[in-house]
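Take 2 as the starting number for the first sequence in this note's numbering and just add one per residue. To start, the structure itself, in structure tokens.
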Amino acid sequence: MLSVPEQLEILKRGTVTIHSEKELAMKLAKGKPLRIKLGVDPTSPDIHLGHAVALRKLRQFQELGHQIVLIIGDFTAMIGDPSGRSTTRPPLTYDEVLANAKTYTDQAFLVLDKDKTEVVFNGNWFKEMPFMEVIKLNARVTLQQMLQREDFKNRVANGTEVRLHEIQYPIMQGWDSVVVRADVEIGGSDQLFNILVGRDLQKEEGMEPQVCMTLPLLEGLDGVKKMSKSLGNYVGLTDAPKEMFGKLMSIPDELMAKYYLLVLGEELDIGMHPMEAKKQLAAKCVAVYHSSSAAQECRDDWDVRFSKRDLVNAELPLLTLSDRRDVFGVVQHAFLSVFEQTVSGGDVRRLIQGGSIQLNGEKLTDPKAEPTWESGAVLKLDKKRSVRFA
RNA sequence: GGGUAGGUGCCCGAGUGGUUAAAGGGGGUAGACUGUAAAUCUACUGGCUUACGCCUACGCUGGUUCGAACCCAGCCCUGCCCA
Numbered sequence: 002m003l004s005v006p007e008q009l010e011i012l013k014r015g016t017v018t019i020h021s022e023k024e025l026a027m028k029l030a031k032g033k034p035l036r037i038k039l040g041v042d043p044t045s046p047d048i049h050l051g052h053a054v055a056l057r058k059l060r061q062f063q064e065l066g067h068q069i070v071l072i073i074g075d076f077t078a079m080i081g082d083p084s085g086r087s088t089t090r091p092p093l094t095y096d097e098v099l100a101n102a103k104t105y106t107d108q109a110f111l112v113l114d115k116d117k118t119e120v121v122f123n124g125n126w127f128k129e130m131p132f133m134e135v136i137k138l139n140a141r142v143t144l145q146q147m148l149q150r151e152d153f154k155n156r157v158a159n160g161t162e163v164r165l166h167e168i169q170y171p172i173m174q175g176w177d178s179v180v181v182r183a184d185v186e187i188g189g190s191d192q193l194f195n196i197l198v199g200r201d202l203q204k205e206e207g208m209e210p211q212v213c214m215t216l217p218l219l220e221g222l223d224g225v226k227k228m229s230k231s232l233g234n235y236v237g238l239t240d241a242p243k244e245m246f247g248k249l250m251s252i253p254d255e256l257m258a259k260y261y262l263l264v265l266g267e268e269l270d271i272g273m274h275p276m277e278a279k280k281q282l283a284a285k286c287v288a289v290y291h292s293s294s295a296a297q298e299c300r301d302d303w304d305v306r307f308s309k310r311d312l313v314n315a316e317l318p319l320l321t322l323s324d325r326r327d328v329f330g331v332v333q334h335a336f337l338s339v340f341e342q343t344v345s346g347g348d349v350r351r352l353i354q355g356g357s358i359q360l361n362g363e364k365l366t367d368p369k370a371e372p373t374w375e376s377g378a379v380l381k382l383d384k385k386r387s388v389r390f391a
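Structure (structure tokens):
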């Protein structure tokens, strides 16, 4: 095991707050593996790069010999974490939650070492909790404390509803810490309040309070909002290599340094041309979650397809014609058969009239036209998708 | 429980009997430009096999009317004030 200062040096990297560093040092100084908690609510089936920020931090703890406790919030997921939200989360059914939990843990192990991770479901202790216990827990937190939270405060100010079940969430998350006897809890910076509640509850149970460690939130592809599935601005850990690469190429330049730091744990070389830096970012990320050969393939494909705009030599999905020979019909069929996407007639017409649909680089603007669709010809559908005729 | 203001398209928000598929903004998509970045300009943005046509839509259900997002009744929901 590394010395305390050495461990601290690694663990502090990229954090927003540690409350407190002194406590962390003291815990590390005991020389025993610490229990590091991360709670995740399986509200969607996929983990994205935003989640991976915390997972990477856990991985560091793991490599330093500490014990990871991954709490699957099967119970809390049904309440919905109100952190940072301006509206109540839509509820999930228990079956959805369980299905998500499965894919969630599978994906988490792309980053974490499975053998050194303890996975627990918080439904284990919440499902059967007597109401009296619930009340006792509630008695430990005041309304005023809850209302000091930015998200609740904003909602109250805006006249948006805050439902009572939402204010139970921090208490539940805090109780998780008591149950698993966490020494450290990790979370995004929006988790600060929740994690601190855990400290309070632990103290009242006569335990040494957990250290609160928060990490920056990763903005999504739009560059503004927190990466999230529901906003559709995420890069999934299991996204296909080319999709992952493409998504990363679309992030705003301003975000690159942050992505380098949080996704790769590296410093961005500010002397590098932004586009080259972004290609490297995308390639490295693909290499981490897929393979370096896949990364190289993505890069080559990218250069052919977008940098040289050479769709003819690019590797494209093949399209087999249906009965329809007119532009409208072929395009709609292409979306459906190749990308499994149903596009409305209005959308198709808009793409055609907007000049997005191109055959070998020639815009096809008449939906009724019936050009000759030669084998090998390239049909561009939208900015990102093209097909080749079989 | 009482009073009061509201519930409009993905979101915000105008509209208070016909010219309303519903102003404006945001967001989104596409084109020009380009680095699938940013900025800028332009177009589109409910659905229908492509439609001066039809269907669906302004919390829900009924009603008045030639005609309703808009008027009436009942119901549901939310904010605020009072209890």
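For every residue, glycine included, the Cβ atom is placed at its ideal position computed from N, Cα and C.
| Item | Value |
| --- | --- |
| Do you know offhand how far I124's Cα is from K280's? | The sequence given here places Gly at residue 124; Ile does not occur at that position. The alpha-carbon atoms of G124 and K280 are separated by roughly 43 angstroms. |
| Taking the straight line between their C-alpha atoms, what separation do you get for N361 and M273? | 34 angstroms |
| On a Cα-Cα basis, can you pick out the residue from P46, K230 and V70 that is closest to L56? | V70 |
| If I measure Cβ to Cβ from L337 and keep anything under 7 angstroms in the same chain, skipping five residues before and after, which residues do I get? | T343 |
| Kindly list the residues whose CB is nearer than 7 angstroms to the CB of Q8, restricted to its own chain and excluding five residues on each side of it in sequence; keep chain order. | L29 and L65 |
| Quick check on DSSP: helix, strand or coil for T77? | helix |
| Please look up how many angstroms separate the CB atoms of D152 and P83, rounded, as I've assumed it's under 8 angstroms. | 6 angstroms |
| In the DSSP assignment, the beta strand (DSSP E) including D104 goes from what residue to what residue? | The residue you asked about is not Asp; residue 104 is Thr in the sequence shown. Careful: T104 lies outside any beta strand (DSSP E), inside the alpha helix (DSSP H) at Y95 to A109. |
| Please say whether V236 and H49 have beta carbons closer to each other than 9 angstroms? | yes |
| Where does V163 sit, in a helix, a strand or coil, going by DSSP? | coil |
| Determine the burial state of F329: buried for a count of at least 16 other Cβ atoms within 10 Å of its Cβ, exposed for fewer. | buried |
| On the DSSP letters alone, give me the boundaries of the beta strand (DSSP E) that E220 sits inside. | Element bounds for E220: n/a, residue is neither H nor E. |
| Candidates S345, V332 and P372: which alpha carbon is nearest K387's? | The sequence shown places Ser at residue 387, not Lys. If we check each option's Cα against that of S387, V332 comes out closest. |
| Look up T215 in the DSSP assignment and give the residues it is bridged to. | T18 and G188 |
| At what residues does the beta strand (DSSP E) containing E119 begin and finish? | T118 to F122 |
| Looking at E22: is its Cβ nearer than 9 angstroms to the Cβ of K13? | yes |
| Measure the alpha-carbon distance for T215 versus V198 and round it to whole angstroms. | 14 angstroms |
| With a floor of 4 residues, list each alpha helix (DSSP H) that falls wholly inside the segment 257-328, ordered by position along the chain. | 257-260, 275-290 and 293-303 |
| Quick test of your reading: A78 and T44, contact by CB under 8 angstroms. State the CB separation rounded to the nearest angstrom. | 5 angstroms |
| Examine the Cβ distances between the segment 292-304 and the segment 233-249 and report whether three or more of them are shorter than 8 angstroms. | yes |
| Taking C-alpha atoms, which residue in T16, A53 and G74 lies nearest to V400? | Limits of the chain in this structure are 2 at one end and 391 at the other, which puts residue 400 out of reach. |
| In this structure, how does DSSP classify Q174 when only helix, strand and coil are distinguished? | helix |
| Per DSSP, what kind of secondary structure is I72 in: helix, strand or coil? | strand |
| Rounded to the nearest angstrom, what separates K384 and R182 at their Cα positions? | 51 angstroms |
| Excluding sequence positions up to five away, which residues of its chain have a Cβ less than 7 angstroms from the Cβ of N139? | I172 |
| In its own chain, which residues sit with a C-beta less than 7 angstroms from the C-beta of V17, not counting the 5 before and 5 after it? | S190, T215, L216 and P217 |
| Grab me the residues of L265's own chain with a C-beta within less than 6 angstroms of its C-beta, minus the 5 sequence neighbours each way, in chain order. | K285 |
| In whole angstroms, what separates the C-alpha of K38 from that of Q192? | 13 angstroms |
| Going by beta carbon distance, what residues of the same chain come within less than 6 angstroms of S251, once the five residues before and after it are set aside? | L222 |
| Does F132 pass the burial test, meaning 16 or more other C-beta atoms within 10 Å, or should it be called exposed? | exposed |
| By how many angstroms is the C-alpha of A100 removed from the C-alpha of H291? | 23 angstroms |
| Express the C-alpha separation of M276 and L269 in angstroms, rounding to a whole number. | 12 angstroms |
| Where do the N-terminal and C-terminal ends of the alpha helix (DSSP H) with I196 fall, by residue? | L193 to E205 |
| Note down, in chain order, each residue of its chain lying with its Cβ closer than 6 angstroms to the Cβ of P318, except the 5 sequence neighbours on either side. | V339 and V388 |
| Over what stretch of residues does the alpha helix (DSSP H) that includes C356 continue unbroken? | Residue 356 is actually Gly in this sequence, not Cys. Per DSSP, G356 belongs to no alpha helix (DSSP H) and is neither H nor E. |
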